[in-house]
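A short write-up of the structure that comes next.
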């Protein structure tokens, strides 16, 4: 896994820094009981005020009695949880009890608040049980980590981790694009000149290999769907964007579909929770394919020319497209126009990456700048100038940014956030132009596709060390995969729910009645609440003559208007009355001596 | 049986929210699925007990045993049923004419029946031995027809109603006390389950009368626009009772404020004939002449559930079982039907995982209950065509009435036609 054992590392200049301190043990500290008691109090903050009171009481009891013979718990109350950890599991703001709320509402709010707080605490507590820890590369004094070569790292770490640095020399079929499967087990590489291969990259087991005898623009490993054969460990379906059409193959390389509705596709993104494959084509079309039912969900003509820069926001499933005029546009399948268009670069946008929390977007352009945006506020945070410019960008699960500048891959640390980009954390030189960059999920590995083949590079601290087995489990069994598939398909999020804020659904729709009514009229084309016209009933014995009907109509017509007019007239008379009184007062007050000559 | 996952393939969790995107949409999808599944699994009908040779007129639960019920039919026959085996244990020809009321003694050793033949009979719960004739323990001959009976919670007294409300001692053959308030006949009388000396009865002069057995005169009565057929006390909050009215509605009253009902429960499209509370006091079930039974939450104006079958005719009596899981209904076409109180509930033992899943689904539905899609699916109930038609008709009539009243108000002196709420409309007077 991602962890690199520190014992092996101490012999070389490569060292791994431990971030987490060891948890406190009660037997370690016997003298400093006071300190240990004080610390939890600080950390507990607001949540543990009641417990603090109880500890104070106990202390005072002790003082009164002088000596207490009973054994005391050195850590009374619940174990403290650091505020930072609690913050991580905070969902939304706390609900305020509105003024003048009824007793029942108050109670309901209090109960739900207490429940959510409890859930938050339990989740934060669980962090302690996580088995793995993330590490980082740390150089000796006055040594840059970016000078450490991959070979050195591979030598220093254990054999399993060392084997994660390897090269595939495939110079024949041109520059390669690549994609890792969601669990990080399988690797898909596609050469420009038609070579497509699917590899279990950890065991170096070749799943399938073929030449499609056509240009390959992009490859995408779809979710694992429908087992084609039983004995395979993981069954994958993958999509290949070829010269004209989009093809879908199964893990053995059998062509399953040729989707002729999707032509000239240049880039693809798979939205795993929606089972949507989003494709961007050379003709300027952004299309969505539902891979679970094989239906085209939406086809949007972007009118922005050739689309060859694409990224997805994993937080809200919005597609980001970069354009030759320097703008980045955001798209959802529910809208024919872009959600947002932002001007990011002076030249064309070359590459895009969005981080997994959906907070930051990193872009690079032909103006050789690298920019970081906050896409919640659509504001630039900082930018830096790269002499060669970055042709490919990729963000890891833990926020490492890798940029392909010419033939060199540079990895930056702490890019996301307010502090500006400093020197690279790691660097690696390759032969040939770089075409694809992708981090392997849950591994400290960066895959690089270039003109001479494929390189897997070790980047310590890149991957999330602890996976959630119910979501994505790299080690899942056949049965577990099957069960996951059923659950995932049942939970497929409908494409209508894609929007900028994925939490919108849980919020109260506070649109006023008038506003909703207006929208309804717009949508329907007529007013559903409008009163229908008065139709006089036909009466017998000659009373239904045209004149009589007209008369009756006139009686009823403008009834409401009459009420309004009556009201307004009343208001007007009152106002006039007031004005009159005021003017009278004024007259009396401003009487001058010359007023008697006035008529 | 599922195989457990081997230890080596454990399921490590990481609850980090960033690893679980689309929390709300996924949860919403789950809630939607749960709502749909709830409707898919809603199969409330459990069994039909047939054997009576005339319409069922009354049903009573055994005071001690969950599995036993007694039913009385319009031909004077009384049957004792075993519910889990769905079979008749015993048949007694108790009366000539209708069996009007049955009640079980609190100790569960005997039960009383009243009928159109002006008699009160006490029967032993134990069936007589083979070859022995069915004989009542005790028979009392009354002066007039009895229409209802109820037994005291703890003592050996019971109450009957007919032309008067009579309180009887089990040992004596004449009533200890008789109440009457004006000349009328009564259709139903019930002891309060908590304040055991308190009685309520429905009279044919459109009133509901309250009595205290320790006093010589009735306490008070509330007169409504139409007659109430039966009433039932809330077993947990015994200051509330609900009466089933001829005007298609049910009214829940607080005995401390009889002038306005606490809630008006509207949904039936014909006269409501019987009502019974669940033992938790949260819900009650009502039987109607419109061939349906409905389940109402005690504080909601509309029903949460409606049960009907093609073959069920006018439902005359209904009871909620003491374990809060089943509803029994007796109808005109000689069948007693057993329904689940919660239509989509799975019967039988649940595994721990099943239990957790049902709880989770329930919570999800509750959380997203106000979303239009979820609400639409959760609310939808199939209704027979004629009931649907009557419902629409009724709505139109109400709308017309409202419009008429509005017009009258518009063209009369301001204040002379006051605005009345739905609750205030139906009470005519309260008499002390």
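Residue numbers (this note's numbering), protein chains in the order written: chain A, 1 to 599; chain B, 1001 to 1432.
From the three backbone atoms N, C-alpha and C, an ideal C-beta is built for every residue, glycine too.
Could you round the C-beta distance between residue i and residue j to whole angstroms and report it? I think they count as a contact, below 8 Å.
i	j	result
residue 1326 of chain B	residue 1343 of chain B	Going by Cβ atoms, the distance from residue 1326 of chain B to residue 1343 of chain B rounds to 12 Å, so no, they are not a contact pair.
residue 1079 of chain B	residue 1101 of chain B	15 Å between Cβ atoms; not a contact.
residue 192 of chain A	residue 160 of chain A	Not really, about 32 Å apart at Cβ, beyond 8 Å.
residue 194 of chain A	residue 220 of chain A	Contact flag wrong, Cβ pair sits at about 16 Å.
residue 1184 of chain B	residue 1212 of chain B	Actually they do not touch by this definition, with Cβ atoms about 19 Å apart.
residue 435 of chain A	residue 447 of chain A	With a Cβ gap of about 11 Å, residue 435 of chain A and residue 447 of chain A do not count as contacting.
residue 247 of chain A	residue 258 of chain A	5 Å
residue 155 of chain A	residue 162 of chain A	7 Å
residue 1119 of chain B	residue 1156 of chain B	About 19 Å separates the two Cβ atoms, so there is no contact after all.
residue 120 of chain A	residue 86 of chain A	6 Å
residue 1328 of chain B	residue 1059 of chain B	6 Å
residue 1092 of chain B	residue 1149 of chain B	Actually they do not touch by this definition, with Cβ atoms about 16 Å apart.
residue 1193 of chain B	residue 1235 of chain B	5 Å
residue 182 of chain A	residue 441 of chain A	7 Å
residue 1103 of chain B	residue 1158 of chain B	7 Å
If the cut is a Cβ gap below 7 Å, which residues of chain A does residue i touch?
i	result
residue 1414 of chain B	Ordered by position in chain A, no residue passes the 7 Å Cβ test against residue 1414 of chain B, which lies about 13 Å from the chain.
residue 1011 of chain B	469 and 470
Return yes when the Cβ of residue j is within less than 8 Å of the Cβ of residue i, no when it is not.
i	j	result
residue 1210 of chain B	residue 1226 of chain B	no
residue 284 of chain A	residue 307 of chain A	yes
residue 1258 of chain B	residue 1242 of chain B	no
residue 1268 of chain B	residue 1248 of chain B	yes
residue 1024 of chain B	residue 422 of chain A	no
residue 178 of chain A	residue 170 of chain A	no
residue 353 of chain A	residue 312 of chain A	no
residue 1167 of chain B	residue 1177 of chain B	yes
residue 1179 of chain B	residue 1250 of chain B	no
residue 1111 of chain B	residue 1057 of chain B	no
residue 347 of chain A	residue 374 of chain A	no
residue 196 of chain A	residue 254 of chain A	no
residue 1314 of chain B	residue 1332 of chain B	yes
residue 416 of chain A	residue 475 of chain A	no
residue 286 of chain A	residue 321 of chain A	yes
residue 538 of chain A	residue 545 of chain A	no
residue 392 of chain A	residue 456 of chain A	no
residue 207 of chain A	residue 200 of chain A	yes
residue 379 of chain A	residue 344 of chain A	no
Name the chain B residues whose beta carbon is nearer than 8 Å to that of residue i?
i	result
residue 503 of chain A	1023 and 1024
residue 123 of chain A	1015
residue 180 of chain A	Those within 8 Å of residue 180 of chain A in chain B number zero; the least Cβ separation is about 16 Å.
residue 165 of chain A	Those within 8 Å of residue 165 of chain A in chain B number zero; the least Cβ separation is about 26 Å.
Closer than 8 Å by beta-carbon distance: list the chain A residues that pair up with residue i, in chain order.
i	result
residue 1452 of chain B	Since the first residue shown for chain B is 1001 and the last is 1432, residue 1452 of chain B is missing from the structure and cannot be characterised.
Report yes or no: is there a C-beta of chain E within less than 8 Å of the C-beta of residue i?
i	result
residue 1105 of chain B	Looking at the structure shown, chain E is missing, and the protein chains on hand are A and B.
Which chain B residues sit within Cβ distance under 9 Å of residue i?
i	result
residue 626 of chain A	Absent from the structure is residue 626 of chain A, since the part of chain A shown begins at 1 and ends at 599.
residue 356 of chain A	1018, 1019 and 1021
residue 249 of chain A	The contacting residues do not exist; residue 249 of chain A stays about 27 Å from chain B at best.
residue 126 of chain A	1013, 1014 and 1015
residue 273 of chain A	1021, 1022, 1025 and 1026
Mind pulling the chain A residues with CB within less than 9 Å of residue i?
i	result
residue 1030 of chain B	490 and 491
residue 1033 of chain B	490 and 491
Using a Cβ cut-off of 7 Å, pull out every chain B residue sitting near residue i, in sequence order please.
i	result
residue 497 of chain A	1025
residue 288 of chain A	Here the premise fails: no neighbours, minimum Cβ distance about 16 Å.
residue 394 of chain A	Correct list: empty, because the minimum Cβ distance to chain B is about 17 Å.
residue 315 of chain A	1021
residue 130 of chain A	1014
residue 506 of chain A	1024
Contact the segment 1275 to 1285 of chain B vs the segment 1313 to 1326 of chain B: 3+ CB pairs below 8 Å:
yes
In chain order, what are the residue ranges of uninterrupted alpha helix (DSSP H) at least 4 long that sit wholly in the segment 1325 to 1389 of chain B?
1352 to 1367 and 1372 to 1379
The segment 1286 to 1300 of chain B touching the segment 1034 to 1046 of chain B, judged by at least three CB pairs closer than 8 Å
no
Spell out a yes or no on whether the segment 334 to 347 of chain A and the segment 512 to 526 of chain A are touching, meaning 3 or more CB-CB pairs, one atom from each, closer than 8 Å.
no
Are at least three pairs of beta-carbons, each pair with one atom in the segment 390 to 409 of chain A and one in the segment 460 to 474 of chain A, less than 8 Å apart?
yes
Mind the definition here: the segment 500 to 515 of chain A touches the segment 1013 to 1027 of chain B only if three or more C-beta pairs lie below 8 Å; say whether that holds.
yes
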